[in-house]
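A.B. asks: In this note's numbering, the protein residues as written are 1 to 363. Heads up, the beta-carbon is just placed ideally off N, CA and C, and yes, glycines get one too. Values in this document were obtained by computation on a predicted structure and should not be read as measured data. Take a look at the following structure, please.
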């Protein structure tokens with residue numbers, strides 16, 4: 001995302017030392033995110049391939065969130081690559097329009113919107129799994145359709161934009177880097193900013209009822225149009241303590257997205273005067289973009305802390321992995337990160353208060 005504007009003829013085109021230093025910091029943060037995400041993706045792929053090759057049982061993806069989280073990581077990678085391209089502007093001490101500039105604009109938009117859509121999918125899935133007791137089958141094709149829909153939508157957004165503005169400078173100099181130029185303010189808002197703001201607002205709105213369900217130890221009962229909260233019995237704490245802990249960890253992911261988006265959203269609204277140049281102090285712009293560029297790194301760190309058994313471990317009696325793929329142990333086997341319920345659904349409040357942990361946990 002860009003917080004600057006098209007330089008026009010009144011904005012300085014040559015970068016001084018302070019601007020170049022700020023761009024270097026943003027680029028280094030983007031590199032950190034790219035390396036972190038790449039490491040996690042390689043680890044996930046290697047672990048999945050190794051475990052599948054040596055497994056004695058069938059391995060399946062146990063929750064839709066696995067697919068959404070993978071989409072999030074890939075989008076974070078694309079977003080980070082867009083930030084790394086800033087090295088060209090640091091070396092040249094100015095932004096020059098051309099193929100590299102266009103590529104940076106495309107990568108920034110693709111990554112920003114992809115992260116927003118994936119974060120929104122995670123938030124919606126967690127909301128329905130916890131509040132409305134939605135328990136989709138792991139074999140369902142819904143997550144694949146959602147992920148495919150996300151990427152097709154973004155590809156159409158960028159492809160149609162190229163087609164309709166092919167003889168104009170659509171992705172160009174925005175003072176500090178390349179993005180959608182100031183000649184297209186509507187496209188900036190509708191095709192990127194709007195989705196980021198919607199995701200941040202929905203994250204906040206959806207996790208209010210989720211927090212109430214968890215903190216108040218309540219179960220949401222839905223009968224037609226009637227919705228009521230039922231307090232959980234004392235036995236809930238003994239039977240579902242692990243599930244509550246997992247659900248509480250899930251609340252951190254939308255918080256990270258909102259925190260990384262908020263500073264850059266503020267600088268965007270405060271940003272531009274009548275001449276098209278940013279009036280936000282450069283240090284504030286750097287801070288906002290540093291926070292935004294760190295989202296990939298923060299998500300990887302958060303993943304590591306919320307998954308204490310990150311390393312795949314094999315058991316002589318049960319092959320299992322706690323990373324992306326999970327075996328099928330007997331019900332109530334507590335050796336897994338997630339508590340499995342009996343195939344026959346118990347509708348009592350103690351068993352329904354937080355749903356199955358496998359419905360809400362990240363890979």
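Nearest CA to the CA of residue 156: which residue from 256, 114 and 260?
C.D. replies: Closest by alpha carbon: 114.
A.B. asks: Nearest CA to the CA of residue 87: which residue from 216, 177 and 286?
C.D. replies: Among 216, 177 and 286, the Cα nearest to that of residue 87 belongs to 177.
A.B. asks: Starting from the Cα of residue 124, find the closest Cα among 143, 109 and 268 and give me that residue.
C.D. replies: Here the closest residue by C-alpha is 143.
A.B. asks: Rounding to the nearest angstrom, what Cα-Cα distance links residue 13 and residue 76 in this structure?
C.D. replies: Each residue's alpha carbon lies about 29 Å from the other.
A.B. asks: Who pairs with residue 221 in a beta bridge, going by DSSP?
C.D. replies: Its beta-bridge partners are 228.
A.B. asks: Closer than 6 Å by C-beta to residue 196: which residues in its own chain qualify, once you throw out the five before and the five after it? Chain order, please.
C.D. replies: Cβ within range, chain order: 116 and 261.
A.B. asks: Kindly indicate the opening and closing residues of the beta strand (DSSP E) around residue 172.
C.D. replies: Unbroken beta strand (DSSP E) run through residue 172: 171 to 173.
A.B. asks: Using C-beta distances below 6 Å, list every residue in its chain close to residue 289, excluding the 5 sequence neighbours before and after it, in chain order.
C.D. replies: For residue 289, where only same-chain residues beyond five positions count, the Cβ hits under 6 Å are 26.
A.B. asks: From residue 203 to residue 164, what distance separates their C-alpha atoms?
C.D. replies: Those two C-alpha atoms are separated by around 33 Å.
A.B. asks: How would you write the range of the alpha helix (DSSP H) that residue 89 sits in, first residue to last?
C.D. replies: That run of the alpha helix (DSSP H) goes 86 to 92.
A.B. asks: Using a 10 Å radius around the Cβ and a threshold of 16 neighbouring Cβ atoms, would you call residue 141 buried or exposed?
C.D. replies: Exposed: under 16 other Cβ atoms inside 10 Å.
A.B. asks: Taking the alpha carbon of residue 97 as the reference point, which residue from 168, 303 and 190 has its own alpha carbon closest?
C.D. replies: For the residues 168, 303 and 190, the minimum Cα distance to residue 97 belongs to 168.
A.B. asks: To the nearest whole angstrom, what separates the beta carbons of residue 83 and residue 293, a pair I think is in contact under 8 Å?
C.D. replies: That pair is a contact at about 5 Å.
A.B. asks: Which first and last residues belong to the beta strand (DSSP E) in which residue 180 is found?
C.D. replies: Note, residue 180: beta strand (DSSP E), 178 to 180.
A.B. asks: Should residue 69 be labelled buried (16 or more other beta-carbon atoms within 10 Å of its own) or exposed?
C.D. replies: Counting Cβ neighbours within 10 Å, residue 69 comes out buried, since at least 16 surround it.
A.B. asks: Would you report the Cα separation of residue 89 and residue 199, rounded to the nearest angstrom?
C.D. replies: Roughly 31 Å between the two C-alpha positions.
A.B. asks: Which same chain residues, not among the five before or five after residue 282, have their C-beta less than 7 Å away from its C-beta?
C.D. replies: Excluding positions up to five away in sequence, the list reads 18, 19 and 22.
A.B. asks: Please report the Cβ distance between residue 118 and residue 161, rounded to the nearest whole angstrom; I am assuming they are in contact, meaning their Cβ atoms lie under 8 Å.
C.D. replies: The Cβ separation is near 21 Å, so there is no contact.
A.B. asks: Can you give the beta carbon distance from residue 127 to residue 206, rounded, assuming they're within the 8 Å contact cut?
C.D. replies: At roughly 4 Å, the Cβ-Cβ gap stays under 8 Å, so residue 127 and residue 206 are in contact.
A.B. asks: Short check: CB of residue 171 to CB of residue 102, under 9 Å?
C.D. replies: Against a cut-off of 9 Å, the Cβ pair of residue 102 and residue 171 comes out as a contact.
A.B. asks: Tell me the start and end of each unbroken beta strand (DSSP E) in the region 127 to 213 that is at least 3 residues and wholly inside, in chain order.
C.D. replies: As far as the region 127 to 213 is concerned, its whole beta strand (DSSP E) runs of at least 3 residues are 171 to 173 and 178 to 180.
A.B. asks: Rounded C-beta distance between residue 364 and residue 110? I'm assuming under 8 Å.
C.D. replies: It is not possible to answer for residue 364, since the shown part of the chain is limited to 1 through 363.
A.B. asks: Enumerate in chain order the residues of its own chain whose CB-to-CB distance from residue 147 is below 6 Å, with the five nearest sequence positions on each side excluded.
C.D. replies: Same-chain partners within the cutoff: 67 and 71.
A.B. asks: Quick check on DSSP: helix, strand or coil for residue 294?
C.D. replies: Of the three classes helix, strand and coil, the one that applies to residue 294 here is coil, per DSSP.
A.B. asks: Buried or exposed, going by whether 16 or more other CB atoms sit within 10 Å of the CB of residue 137?
C.D. replies: Exposed, since its Cβ has fewer than 16 Cβ neighbours within 10 Å.
A.B. asks: Using beta carbons (cut-off 9 Å, strictly below), is residue 169 in contact with chain D?
C.D. replies: This model lacks chain D altogether, as it is built from one protein chain only.
A.B. asks: Within 10 angstroms of its Cβ, does residue 46 collect 16 or more other Cβ (buried), or is it exposed?
C.D. replies: Exposed, since its Cβ has fewer than 16 Cβ neighbours within 10 Å.
A.B. asks: Thinking C-beta only, is residue 226 closer than 9 Å to residue 220?
C.D. replies: No, the pair does not count as a contact, with Cβ atoms beyond the cut-off.
A.B. asks: Considering only the alpha carbon of each residue, which of 120, 166 and 30 lies closest to residue 107?
C.D. replies: The shortest C-alpha separation from residue 107 is found at 30.
A.B. asks: Pull up the distance between the alpha-carbon of residue 268 and that of residue 50, whole angstroms please.
C.D. replies: So the two alpha carbons sit approximately 46 Å from each other.
A.B. asks: Where do the ends of the alpha helix (DSSP H) carrying residue 252 lie?
C.D. replies: Taken as a continuous stretch (DSSP letters only), the alpha helix (DSSP H) holding residue 252 covers 252 to 270.
A.B. asks: By the 10 Å Cβ neighbour count, where 16 or more other Cβ atoms means buried, how is residue 42 classified, buried or exposed?
C.D. replies: Exposed, because fewer than 16 other Cβ atoms sit within 10 Å of the Cβ of residue 42.
A.B. asks: Rounded to whole angstroms, how far is the Cβ of residue 297 from the Cβ of residue 33, which I believe are closer than 8 Å?
C.D. replies: That belief holds up - the Cβ atoms of residue 297 and residue 33 are roughly 4 Å apart, short of 8 Å.
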